[in-house]
Every structure is written in C-alpha cells, then in structure tokens.
Amino acid sequence: MSDTLKESAEKRRRQRQLNVQWAALQTVRWIVTRLPQGVAVALGAFCGRLARLVCKRQVDDAEVRCVSVLGVGPTIARRIVKRSYANMGRAAVEMLRLPWLVKRITRYADFWGIDNVRRALSDGKGAILLLGHLDNWEIVNAGLAPHFPLWAIGADQRDPRVNELIAELRESTGMTNISKGRGLRGAVSALKRGVLLGALLDQDAKEKGIRLPFLGIEASTPTGAVRLADRFGSPILPVQVVRVSSTKHRVIIYPPVKGSGGEPGTADIAAVTRRCNDIISGWILAHPDQWLLWSYPRWGRPEPEQWRHALSR
Numbered sequence: 007m008s009d010t011l012k013e014s015a016e017k018r019r020r021q022r023q024l025n026v027q028w029a030a031l032q033t034v035r036w037i038v039t040r041l042p043q044g045v046a047v048a049l050g051a052f053c054g055r056l057a058r059l060v061c062k063r064q065v066d067d068a069e070v071r072c073v074s075v076l077g078v079g080p081t082i083a084r085r086i087v088k089r090s091y092a093n094m095g096r097a098a099v100e101m102l103r104l105p106w107l108v109k110r111i112t113r114y115a116d117f118w119g120i121d122n123v124r125r126a127l128s129d130g131k132g133a134i135l136l137l138g139h140l141d142n143w144e145i146v147n148a149g150l151a152p153h154f155p156l157w158a159i160g161a162d163q164r165d166p167r168v169n170e171l172i173a174e175l176r177e178s179t180g181m182t183n184i185s186k187g188r189g190l191r192g193a194v195s196a197l198k199r200g201v202l203l204g205a206l207l208d209q210d211a212k213e214k215g216i217r218l219p220f221l222g223i224e225a226s227t228p229t230g231a232v233r234l235a236d237r238f239g240s241p242i243l244p245v246q247v248v249r250v251s252s253t254k255h256r257v258i259i260y261p262p263v264k265g266s267g268g269e270p271g272t273a274d275i276a277a278v279t280r281r282c283n284d285i286i287s288g289w290i291l292a293h294p295d296q297w298l299l300w301s302y303p304r305w306g307r308p309e310p311e312q313w314r315h316a317l318s319r
C-alpha cells in the first residue's frame, strides 16, 4: 500500500473514532440533561471511575506522580487517583448541564470574596482570574459571568464539533469564549476592555515557559497571564474552587497576588509566576483528589529523573 493510501486509511480511521466519540458524548448529554442534579452528578462519578479502569497506562502514571510528588504510599496514591477520576466525571456532567446550572448556581455554589472582584475591576484595567484544574472551574463562569463581564480562552479539542459544544455551553453562562487560535489577541482585547479574564496556569508550557517549582518539582510554567497583567496593570486574583459535597462547591476569590516583597504589581515576572505556582500547589496539597491533571504530564516529557524507573515498570 502506498504512503498516500496509508495516510488516507489512517485519516478515515481517526474520523470514525471521532464520530463514535461524538455520538457517545451526545448520548450522555441527552441523558444527563434529563436527570435530577444529584443523580446526574452521581452518574458522572460512575463514568469517571469506569474511565479509570479503561485508561490503565494513564492511571499507572498518575499514581506514580502522586507517590513521587506527594510522598504518599501506593495505597493512598491509588485512592487519590480513583477519587480524581470520579471528580473528573462529575465536572464533565456539570459542564454538560451548565445552561441549567447557571440559573440555579446559588443552590449549588457559595461564592466568597466577590468584593475583591468589584475592587479589581474598579480601575478599568480588567483583572485576571488565576485558576487551576481543580474541582470544576466552570462553576466560576456560572457564578460570575451573569454579573461581571468574563472572558476565557478555550483549549482546542481534536474534534471541532466538541470545540463548538464547549463554546456553546460556556456562553450559556453569559461569558465570552476565546478560541485557542486567537488566544493572545482575545486576552489583550479582554484586558483593554477592562473585563475579567480566566487563566488556567497549571499546565506544561514546554519551551515557551520558565522552569519554576510546581508542587516542589521544577516544571515549565506559562508566563503569559503574568506578562499581560504587567503590561496592562491588571491585578491577578487567585480563585480557589472546592467541592464540599457531591453537588456543592465553594468558590473563594482572594485579594490580588503581590510581588516577592509583598508589594502590589507584577513587574518581577518570575517571582509573581512562582507565587502563582505556590498558590495552586497549596490548593492541590489541601485537596489532592480534586486536581484533575494527575494523568497529565505536568512536569513534561521525559518525566523527572527520579520517576523514570517507576514509570517504565
């Protein structure tokens, strides 16, 4: 078979796979949007636990990272990862139910520190919400977007239909979804307009980031949000999301991040980025089972030297 035919066959195979995944997603969406909230979220947790049984390699890697980073034993690491997958399923279902949830958000989430948002926006320079992949960050959109102008950058998925669905669900809360392709331009536009900009800062930035400790181990860390904050004079507000029960959340909006010496502002990019890492790391240490990225190579590939043997077993 020629290379062209092989490529064509592989392309068709990938498209079939995407079609199956899309059909499954639409089926799940149809089901969970017709169930009571508690039942739907419980179903999401079940699906998350089921995914854990299927994704053996990712789960093994996640457990090794827990052991290496948190210093816990294998039994505790296994429990953390199991609960993390269940929380991933809960968050996915809540995402699919966002149009319903946004109308009832006060029933399912308590928001602390709203005055910090008001003060941050009062100068007309916008503000950046510092978030991590903890619990369900979309709850922040559902709670804040109906009351404050809020923009956020969406990560591109392999299937453009999924991108469109995510944008549709997010925008049902009143927020503006920025596609990944126009991420920087959209972020600049948001801060120029003086609005809130959501930023997830706990992913590997590869060659574009700077190496700073994350959970005590050096990792390439994105600096884009801090650089934008420095450029426009926008405060960075840490926003912690905690799941306090299967269906209830607590969102805590803290005062702006300060420099290494306690001064306001973000001129020292490395120091402020490190502070952001420390804040997110603290949230993870407090609720390790609510961080949804244990299966993700946050510290890049290859993994840190001390993990390589364990990950290759």
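Residue numbers (my numbering): 7 to 319. Ideal Cβ positions, reconstructed from N, Cα and C, are used throughout, including at glycine. Remember, predicted model here, so these are calculated numbers, not experimental data.
{"query": "Going straight from the alpha carbon of Gln27 to that of Val38, what length do you get?", "result": "16 Å"}
{"query": "Have a look at Val73 and Gly54 and give me their C-alpha separation to the nearest angstrom.", "result": "21 Å"}
{"query": "Please confirm whether Gly44 and Ser195 have their CB atoms less than 9 Å apart.", "result": "no"}
{"query": "Using a Cβ-Cβ cutoff of less than 6 Å, which residues in the same chain neighbour Phe117 once the five nearest sequence positions on both sides are dropped?", "result": "Gly149, Val257"}
{"query": "What are the boundary residues of the alpha helix (DSSP H) that Gln43 is part of?", "result": "43-60"}
{"query": "Would you kindly check if the distance between the Cβ of Val278 and the Cβ of Asp236 is under 9 Å?", "result": "yes"}
{"query": "So Arg217 is in the beta strand (DSSP E); what residue range does that whole segment cover?", "result": "216-220"}
{"query": "Terminal residues of the continuous alpha helix (DSSP H) containing Val248?", "result": "Per DSSP, Val248 belongs to no alpha helix (DSSP H); it is in the beta strand (DSSP E), 242-249."}
{"query": "Under 9 Å between the Cβ atoms of Trp157 and Asn183?", "result": "yes"}
{"query": "Quick test of the definition: if touching needs 3 or more C-beta pairs under 8 Å, does the region 83-91 touch the region 222-241?", "result": "no"}
{"query": "Using CA coordinates, which residue listed in Asn93, Asp66, Val146 is at the minimum distance from Thr81?", "result": "Asp66"}
{"query": "Can you tell me which of Glu13, Pro228, Arg20 puts its alpha carbon nearest to the alpha carbon of Arg304?", "result": "Pro228"}
{"query": "Mapping DSSP to helix, strand and coil, what is Asn142?", "result": "coil"}
{"query": "Touching or not, the region 121-136 and the region 160-171, by the rule of three or more beta carbon pairs under 8 Å?", "result": "no"}
{"query": "If you draw a straight line from the C-alpha of Gln296 to the C-alpha of Asp141, how long is it?", "result": "5 Å"}
{"query": "Classify Ser301 as helix, strand or coil using the three-state DSSP reduction.", "result": "coil"}
{"query": "Please identify the residue among Val99, Gly204, His153, His255 whose C-alpha is closest to the C-alpha of Gly180.", "result": "His153"}
{"query": "So, with DSSP's three-state summary, where would you put Val201?", "result": "coil"}
{"query": "Measure the CB-CB distance between Trp106 and Val247 and report whether it falls below 9 Å.", "result": "no"}
{"query": "Starting from the Cα of Arg249, find the closest Cα among Pro42, His293, Val34, Asn25 and give me that residue.", "result": "His293"}
{"query": "So, is Val99 buried or exposed, given that buried needs 16 or more other C-beta atoms within 10 angstroms?", "result": "buried"}
{"query": "Can you have a look at Glu170 and say buried or exposed, based on whether 16 or more other CB atoms are within 10 angstroms of its CB?", "result": "exposed"}
{"query": "For Pro262, count neighbouring Cβ atoms within 10 angstroms of its own Cβ and tell me buried if that reaches 16, exposed if not.", "result": "buried"}
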